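Asks: Please see the structure below; I have some questions.
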Amino acid sequence: MLFSRFFVADPVGISSHQLVMNFSFNRAALAMLVTVSVLVATSRADAAPDISSSEYSLNTYLEGIRVAPAWEAGLLGSGVVVADLDTGILSTHVDILGTVVEGGYDFVNDDDEPHDDDDSVTDGHGTASAGVIVGNWNATGIGGIAPSARVLPIKIADMNAQTTGSLIAAGVNFANSRPDVKIILIEAVDTPLSAADFASLQVAVANGKMIIAPAGNFGTATPTSPGSLFSLLGDAALVVGSHNGFERSIFSNGALGVADNYITAPGESVTVAGNRADDFYYRVSGTSMAAPQVAAAAALIWAYAPHLTNHEVAQILKETATDLHTSGVDDETGVGALNIEAALSPIGAIEVPTEDDTDDDENIDEDTESNDGSGSESEQEEGGSNNNENSSGGSGSGAGVALAALVVGGAGYALLQNNDDLENTLVLDKYGRTYELDLKTRVTIRDPGVSAGSVLKGLDNKTVDETLIKRSDFRLSARYVTSRTHGTWDNKVENIFDDLHSESIGMVITGAQVNGYRYALGYNSRPDEFYSLIPAKPGKTPYTLSFQSDAFDGPLQGYTSEGLHGALSYAPTSHWQTGLSFASLENDHNYGLESQSAAVHGSYRQERWGINLRLALLEEDGNLLGGASDGALSVDAADSLSASLSGYLELGTGWALLASYTEGLTDVDDRQNSLLHDFTRLHSNAWGIGLVGRNLLNTEDAYGIAWAQPLRTRAGSVEVSVPFARDTGGKIHRKVRRTSLVPSGSESSLELFYQVKLNRKTRLLTYLAYRTEPLHDFSAPSEMSFMTALEASF
1 MLFSRFFVAD PVGISSHQLV MNFSFNRAAL AMLVTVSVLV ATSRADAAPD ISSSEYSLNT
61 YLEGIRVAPA WEAGLLGSGV VVADLDTGIL STHVDILGTV VEGGYDFVND DDEPHDDDDS
121 VTDGHGTASA GVIVGNWNAT GIGGIAPSAR VLPIKIADMN AQTTGSLIAA GVNFANSRPD
181 VKIILIEAVD TPLSAADFAS LQVAVANGKM IIAPAGNFGT ATPTSPGSLF SLLGDAALVV
241 GSHNGFERSI FSNGALGVAD NYITAPGESV TVAGNRADDF YYRVSGTSMA APQVAAAAAL
301 IWAYAPHLTN HEVAQILKET ATDLHTSGVD DETGVGALNI EAALSPIGAI EVPTEDDTDD
361 DENIDEDTES NDGSGSESEQ EEGGSNNNEN SSGGSGSGAG VALAALVVGG AGYALLQNND
421 DLENTLVLDK YGRTYELDLK TRVTIRDPGV SAGSVLKGLD NKTVDETLIK RSDFRLSARY
481 VTSRTHGTWD NKVENIFDDL HSESIGMVIT GAQVNGYRYA LGYNSRPDEF YSLIPAKPGK
541 TPYTLSFQSD AFDGPLQGYT SEGLHGALSY APTSHWQTGL SFASLENDHN YGLESQSAAV
601 HGSYRQERWG INLRLALLEE DGNLLGGASD GALSVDAADS LSASLSGYLE LGTGWALLAS
661 YTEGLTDVDD RQNSLLHDFT RLHSNAWGIG LVGRNLLNTE DAYGIAWAQP LRTRAGSVEV
721 SVPFARDTGG KIHRKVRRTS LVPSGSESSL ELFYQVKLNR KTRLLTYLAY RTEPLHDFSA
781 PSEMSFMTAL EASF
């Protein structure tokens, strides 16, 4: 039997009530990530769907399945053939004309003319199902979901809608023999299959075909055969029920026994093409009108990503279905309601395809550099997956790298400024489907620069100082740092080595001897008196405590206070001091920061002035100047050597002039699985000058003003290989450009602060930051931030 008692026909003169689907879907993902490809055949001129047309408004199910965003993205099903096992097709119907491929077969009459009988009791069921899939958008009648796909008519049912298991098997075997067929729609219900008949379905699935069948229209809990057997076919076979926008339609059979293979679509009051005339239409309800909607959705997915397997296409449809009855898979509506917009949107982690080998024949001019990203550009290809039914989803021969870790330092941000190709980067979802993304929208800056917010973040930490040992010749003290909002040190110490613990807790132990030796060990907290480039007078707080710019605080010394720190200094006289410091960080949860640094320094101080010279080496394992160790813009390693000269001059009456300059050289080792290759040596610098004072209004205040340039790359470039498209053969196309890492602008930051201790437990702090060309971006507007805070301890 092909149809059952709830197949209701209503010849269209069309005045009956239209069913309104009450769905709420998010179309942002498909709108943001625009599909890209090259060398793809275009569809017919008359096949463009129009959501303002009567063809669209006539069928509210089109709104319910959320297909319009796919059409807006140009996805129409081109190149996919659906075998329609039904009553045949009236190929001369105005909405079917030109959509039927040659070579169909009539197994009922054993001939090669699979026509839909004009005196059929169903008014042309095969013509109706074909129109749902591929109907022409010609301002007449109805329009199909995948109008650029094609249907292969295979007649397995007679004029009385009767079929048999052997006819179904013959039709499936015929469709399976056609390499152009990807989807087999079996429009039959309540028809038993023998073991031999069912074997034909198993062979088709093994051969890469996707099989779809209606659940039946008896209103029972379980689908009828052949759909009831689909759990035995694995996940490449789908049983389709009908829903009314809220729940399973009253006539639709349920999902019991095949819930993991069961999906629903709106099957009530569907306007379809019929076979009484070339312009005849009627309205019908039934799961056999929901099933072709799912077949058309599969055609859209497969046309967009031909490399997908039948299992992957079915899994995408199931994974993106919208829950109807209960959350998750259930025996009422299976995986839920068909949602084409979600099915064509990216799923899972988004990756950038990266090259895993170098094309020695590619000729690239490596000497061309500019700040605006201009320079030589060439196109490369890399082999991809084959375009056949058994190809696996993936990015081709190039590897893929996740976008979740697109964290960059200053050099990385300059790269984004200077290379416009990154605005149209091809990315892949977990099924290897291509989308276009502006990488600039996914980037996090490691150090966004000075701001009032950075001061407030520091105020959130509670610092406790404790003297451990105090003798005439030796002093040992400790400083504990923890968040004010997350309890005490004692409550946190047991979690300090927990990899999942993301809150930074710190401690520093400092020792001093009368013979001039001082040393410190720190965990998640730097001993500031050893790291500041401005030497402080003994017993005094460092001058730069309230300046946030890295120009005063050892740029190229590391990009976080986390990790292990150590320092040793020796002052043989009151004027001279020498020492060394080190730091080691291995942090998996902080975007993969892993680095080791070491520095030697020497300083000379007089009563009113002092100078300091520091030489430092920073070795980053996978990071580039603070960027993430994973992601599309990562490197294998970076070694930075820097020299810093700084000093201060007391001006009297509590005022002091500060100055600091740092020059750095960075050598970079490429990472194979990255978009970045062939770095030149990077040159960078930072400088700052400030004026600080104490005792302006009372003996417990401090104030200052500083003008600084944070670390800026002043020379260096890299070759950037940006994927921008994948053709129908699976080849990734890339734009290769040598790009300058010198930013377009030069940031200058002005900082002002005033702090005063009101009493033993209360402090007032005011801070202002003004930045021109922030992040060294010439086009960026200036920024200003201001804060006043009252800090109290209890």
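Numbering (this note's numbering), first residue to last: 1 to 794.
The beta carbon of each residue, even a glycine, is placed where N, CA and C say it ideally should be.
A quick note: this is a predicted structure, and the numbers were derived from the prediction, not measured.
(1) Can you list, in chain order, the stretches of the beta strand (DSSP E) that have 3 or more residues and sit fully within the stretch 167-220?
(2) Tell me whether Leu556 sits in a helix, a strand or coil according to DSSP, three-state version.
(3) Mind the definition here: the stretch 742-756 touches the stretch 445-453 only if three or more C-beta pairs lie below 8 Å; say whether that holds.
(4) Quick check on the burial criterion: 16 or more other C-beta atoms within 10 angstroms. Buried or exposed for Val464?
(5) State the beta-bridge partners of Ala265 as determined by DSSP.
(6) Using the beta-carbon count (16 or more within 10 Å), is Leu790 buried or exposed?
(7) When you compare only the Cα positions, how much space is there between Leu768 and Ser595?
(8) Shortest alpha-carbon distance to Leu152 belongs to which of Asn160, Ile142, Pro179?
(9) For Trp655 and Leu468, I'd like the C-alpha separation in whole angstroms.
(10) Just to confirm, is the Cβ distance from Ala130 to Ile65 under 7 Å?
(11) Going by DSSP, which residues form a beta bridge with Lys155?
(12) Mind the definition here: the stretch 711-719 touches the stretch 694-702 only if three or more C-beta pairs lie below 8 Å; say whether that holds.
(13) On a CA-only basis, which of Thr482, Phe547, Tyr304 is nearest Gly730? Give me that one, please.
(14) Which of the three DSSP states is assigned to Leu97 in this structure?
(15) Which residue comes first and which comes last in the beta strand (DSSP E) that contains Val352?
(16) Taking C-alpha atoms, which residue in Asp116, Ala188, Ala221 lies nearest to Ile212?
(17) Can you tell me the Cα-Cα spacing of Ser454 and Ser785, whole angstroms?
(18) At which residue ranges does the stretch 283-348 contain complete alpha helix (DSSP H) runs of 4 or more residues, listed in the order of the chain?
(19) Please classify Tyr806: does DSSP put it in a helix, a strand, or coil?
(20) Is it buried or exposed for His601, if we count other Cβ within 10 angstroms and need 16 for buried?
(21) Taking 7 Å as the cut-off, decide whether the C-beta atoms of Gly171 and Phe230 are in contact.
(22) Could you check if Gln672 is buried or exposed, using at least 16 other CB atoms within 10 Å of its CB as the buried criterion?
(23) Please report the straight-line C-alpha distance between Glu389 and Ala299, rounded to a whole angstrom.
(24) Apart from the five residues on each side of it in sequence, which residues of its chain come closer than 6 Å, Cβ to Cβ, to Leu765?
(25) Rounded to a whole number of angstroms, what is the C-alpha to C-alpha distance between Val514 and Thr713?
(26) Report the three-state DSSP secondary structure of Lys457 (helix, strand or coil).
(27) What is the DSSP secondary structure of Phe679, reduced to helix, strand or coil?
(28) Within 10 angstroms of its Cβ, does Ile186 collect 16 or more other Cβ (buried), or is it exposed?
(29) Phe679: buried (16+ other C-beta within 10 angstroms of its C-beta) or exposed?
(30) Can you check whether the CB of Asn261 is closer than 7 Å to the CB of Val284?
(31) Between Leu62, Glu312, Phe724, Ser54, which lies nearest to Gly245 when the distance is taken from Cα to Cα?
(32) Sort out for me which residues DSSP pairs Arg763 with in a bridge.
(33) Quick one: what does DSSP say Glu63 is sitting in, helix, strand or coil?
(34) For a test of the three-state rule: what should DSSP assign to Val132, helix, strand or coil?
(35) In the DSSP output, which residue or residues are listed as bridge partners for Val508?
(36) According to DSSP, what are the bridge partners of Ile705?
Replies: Short version:
(1) For the stretch 167-220, whole beta strand (DSSP E) runs of length 3 or above, ordered along the chain, are 181-186, 210-214.
(2) Correct three-state label for Leu556: coil.
(3) Three or more Cβ pairs drawn from the stretch 742-756 and the stretch 445-453 lie within less than 8 Å of each other, which places the two stretches in contact.
(4) Its Cβ having fewer than 16 others within 10 Å, Val464 is exposed.
(5) Partner(s): Ser242.
(6) By the neighbour-count criterion, in which 16 or more other beta carbons inside 10 Å mark a residue as buried, Leu790 falls on the exposed side.
(7) A straight line joining the alpha-carbon of Leu768 with that of Ser595 spans about 32 Å.
(8) Shortest Cα-Cα distance from Leu152 to any of Asn160, Ile142, Pro179 involves Pro179.
(9) C-alpha separation (whole angstroms): 34 Å.
(10) It is not a contact, given that the beta carbons lie outside the stated cut-off.
(11) Note: Lys155 sits in a beta bridge opposite Asp86, Asp106.
(12) The stretch 694-702 and the stretch 711-719 do not touch, with fewer than three beta-carbon pairs separated by less than 8 Å.
(13) When each option's Cα is compared against that of Gly730, the closest is Tyr304.
(14) Coil at Leu97, not helix or strand.
(15) Under the DSSP assignment, Val352 falls in the beta strand (DSSP E) whose first and last residues are 351-354.
(16) Each of Asp116, Ala188, Ala221 was checked against the Cα of Ile212, and the nearest Cα belongs to Ala188.
(17) Going from the Cα of Ser454 to the Cα of Ser785 covers about 10 Å.
(18) As far as the stretch 283-348 is concerned, its whole alpha helix (DSSP H) runs of at least 4 residues are 287-304, 310-319, 340-344.
(19) Only positions 1 to 794 of the chain appear in the structure, and residue 806 is not among them; the question remains open.
(20) When all chains shown are included, His601 counts as buried.
(21) For Gly171 and Phe230, no; Cβs fall outside 7 Å.
(22) In this structure Gln672 is exposed. Its beta-carbon is surrounded by fewer than 16 other beta-carbon atoms within 10 angstroms.
(23) Caution applies to Glu389, whose pLDDT of 36 falls short of 50 and renders its modelled position unreliable; the model cannot decide the point.
(24) Closer than 6 Å at Cβ, skipping near neighbours: Gln755, Ala789.
(25) The C-alpha of Val514 lies about 43 Å from the C-alpha of Thr713.
(26) Three-state DSSP puts Lys457 in a helix.
(27) Reduced to three states, the DSSP call for Phe679 is coil.
(28) Buried is the call here.
(29) In the assembly as shown, Phe679 is a buried residue. Its beta-carbon has 16 or more other beta-carbons within 10 Å.
(30) The answer is no: Cβ separation not under 7 Å.
(31) When each option's Cα is compared against that of Gly245, the closest is Leu62.
(32) Secondary-structure assignment with DSSP links Arg763 through a beta bridge to Lys757, Glu791.
(33) Here Glu63 carries a helix assignment [DSSP, helix/strand/coil].
(34) In the structure shown, Val132 falls within a helical segment according to DSSP collapsed to helix, strand and coil.
(35) Arg479, Gly522, per the DSSP bridge assignment.
(36) Beta-bridge pairing links Ile705 to Leu691, Leu752.
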